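This report concerns only the one structure given below.
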Amino acid sequence: MEVPPSPRVPAGRTRSILINLGIAGGSLALGVALAWPIATMIRFVAAYWQWIVGAIVVLIVLAVLGSAAAGIEAHKAQVERQRLREIAHLERVDTMTGPQFEELVAALLRRDGYRHVTIVGRSGDRGVDITARTPDGRKIAVQCKRQSRTVGADRVRNLIGAVHSSYTGHVGVLVTSNTFTAPALDECGDRLVLIDRDRLARWMDGDALII
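When you line the sequence shown up against the UniProt record's numbering, it's residues 1 to 211, in that order.
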């Protein structure tokens, strides 16, 4: 008796079956590959969940504290800017006392990023009222002259001498609410930074002091 031939599977169907088998095999292999790290992660979380929760809480608290601190600093900066704006009229400067003028100059330096801003005091200062460091670290010695008359060459000469004798390595800065005489400008040359009334007004209005 003749055995009937096996039915032939169409070639297209064969390819489809092979593709499906390949996809199924790949999915199984991927599942096996992912099963171990997932199981390991689950065991780790189960074993240390208290530590993980604690770490998350700490991070949240630090984020909240950092945000609060940034808000406080921003508020302080806003208050300081407002205070400077309130006295940013030269007419107000003209009514200040010497110590008040020094406080103003010190506040402007701090606003512009100067560090270690210190008002020296009234005795033994050799004419220097404020010491500070520029944002890039250089030392400066500042003399503040709030006065109704122009600043003459003798004042410039005195500050140059003070810087050379007592503040070696400092850049001398002379700030006045008035102007400098022509002899004072000649005496200064490039040995000091001079800030007259006009430059002071621009500084108070927001222009940064770059030395």
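By construction, the Cβ of each residue, glycine as well, lies at the ideal position given by its N, Cα and C atoms.
A quick note: this is a predicted structure, and the numbers were derived from the prediction, not measured.
Taken through DSSP and simplified to helix, strand or coil, residue 173 comes out as strand.
Under the three-pair Cβ rule at 8 Å, the region 101-110 does not count as touching the region 58-70.
DSSP places residue 163 in the helix class (H, G or I) of the three-state scheme. By the CB criterion at 9 Å, residue 186 and residue 153 fall inside the cutoff.
A distance below 9 Å separates the beta carbons of residue 90 and residue 177.
The residue from 100, 209 and 164 with its alpha-carbon nearest to that of residue 134 is 209. Within a 10 Å sphere around the beta-carbon of residue 77 sit fewer than 16 other beta-carbons, which makes this residue exposed. The Cβ neighbour count for residue 143, taken over all protein chains shown within 10 Å, is at least 16; the residue is labelled buried. Residue 173 and residue 114 have their C-alpha atoms spaced approximately 13 Å apart.
In this structure, DSSP gives residue 147 a state outside helix and strand, which the three-state scheme calls coil. Straight across, the Cα-Cα distance linking residue 163 with residue 211 is about 16 Å. Spanning the alpha carbons of residue 141 and residue 61 requires a straight line of approximately 43 Å.
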